[in-house]
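In this note's numbering, the protein residues as written are 16 to 248.
We put the beta carbon where it would ideally sit given N, CA and C, even for glycine.
As the structure is a computational prediction, the values presented were derived from the model and not from experiment.
In structure tokens:
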């Protein structure tokens with residue numbers, strides 16, 4: 016199933032890129048492996064997936080300890096300061112920085128791991144109260160400049176989640192806002208290249224609007240049983 020799903024997904028990415036004059040190589044596919052056992056991750060890895068995303072820091076820690084060779088791990092969930100140590104130890108890229116407190120803790124933990132931690136700033140472009148992320152540009156700007164002063168953090172760009180809706184204009188507006196905010200920050204002297212946006216239901220629009228990282232779970236692994244823990248499957 017995973018191989019067939021990946022073939023379909025890669026073909027669709029190729030077709031979308033052709034329509035908007037982009038190259039598939041510009042898009043990093045992060046397979047969202049939350050709640051899936053390591054055996055499923057290994058199957059996707061066998062068929063060419065290198066990047067995997069987890070949204071729970073302790074699950075990322077445990078999977079990293081079991082399967083780290085050759086895999087690029089991403090942390091894509093909300094990050095609490097007391098869980099930062101797990102994300103920093105395992106993740107190549109943390110997508111969800113949205114506060115000075117978390118940023119400082121990442122820098123501290125990265126220093127103890129003797130690494131430069133790559134990060135993205137999470138933006139709440141949909142203004143939904145049940146979502147995390149920065150809601151106004153001034154807060155984002157302050158955090159972006161604060162990151163420049165830290166020796167063990169490297170900010171690469173921005174991340175967002177569009178609302179779950181059939182209204183494509185609402186989705187597109189969220190992705191356009193993220194792209195415009197990235198451009199605005201770059202005009203201020205930053206050098207951000209990455210936009211992490213687009214999931215199974217909306218990655219086509221995200222690619223059209225400049226996404227460089229798409230986070231795909233269901234289209235690769237199928238529907239998840241969220242009632243079970245990954246190591247029980």
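CB residue i to CB residue j, shorter than 8 Å?
i	j	result
residue 136	residue 173	yes
residue 76	residue 99	no
residue 168	residue 121	yes
residue 230	residue 91	yes
residue 149	residue 113	yes
residue 193	residue 138	yes
residue 190	residue 177	yes
residue 94	residue 66	no
residue 235	residue 20	yes
Should residue i be flagged as near chain D, meaning a C-beta pair shorter than 8 Å?
i	result
residue 56	The question asks about chain D, but that chain is absent: this structure has only one protein chain.
Given a threshold of 16 other Cβ atoms within 10 Å of its Cβ, counted over all protein chains shown, does residue i qualify as buried or as exposed?
i	result
residue 185	exposed
residue 68	buried
residue 89	buried
residue 110	buried
residue 247	Residue placement at residue 247 is poorly supported in this model, since its pLDDT is 44, which falls under 50; the coordinates still yield a value, given next. That one is exposed.
residue 35	exposed
residue 180	exposed
residue 132	buried
residue 16	exposed
Classify residue i as helix, strand or coil using the three-state DSSP reduction.
i	result
residue 174	strand
residue 233	helix
residue 95	coil
residue 217	coil
residue 49	coil
residue 181	coil
residue 15	Residue 15 lies beyond the stretch modelled for the chain, which goes from 16 to 248, so this question has no answer here.
residue 137	strand
residue 210	strand
residue 165	coil
residue 17	helix
Using only the alpha-carbon positions, how far apart do residue i and residue j sit?
i	j	result
residue 226	residue 146	20 Å
residue 203	residue 18	43 Å
residue 28	residue 205	29 Å
residue 83	residue 159	30 Å
residue 157	residue 197	14 Å
residue 215	residue 81	27 Å
residue 11	residue 195	Past the edges of the chain, shown from 16 to 248, lies residue 11, and the structure says nothing about it.
residue 237	residue 212	20 Å
Among the candidates the options, whose CA atom is the shortest distance from the CA of residue i?
i	options	result
residue 223	210, 48, 166	210
residue 85	199, 130, 64, 216	64
residue 79	106, 70, 59, 58	106
residue 49	161, 73, 37	73
residue 134	207, 47, 40	207
residue 188	117, 142, 23	142
residue 116	220, 97, 23, 140	97
residue 37	162, 221, 155	221
residue 104	127, 57, 153	127
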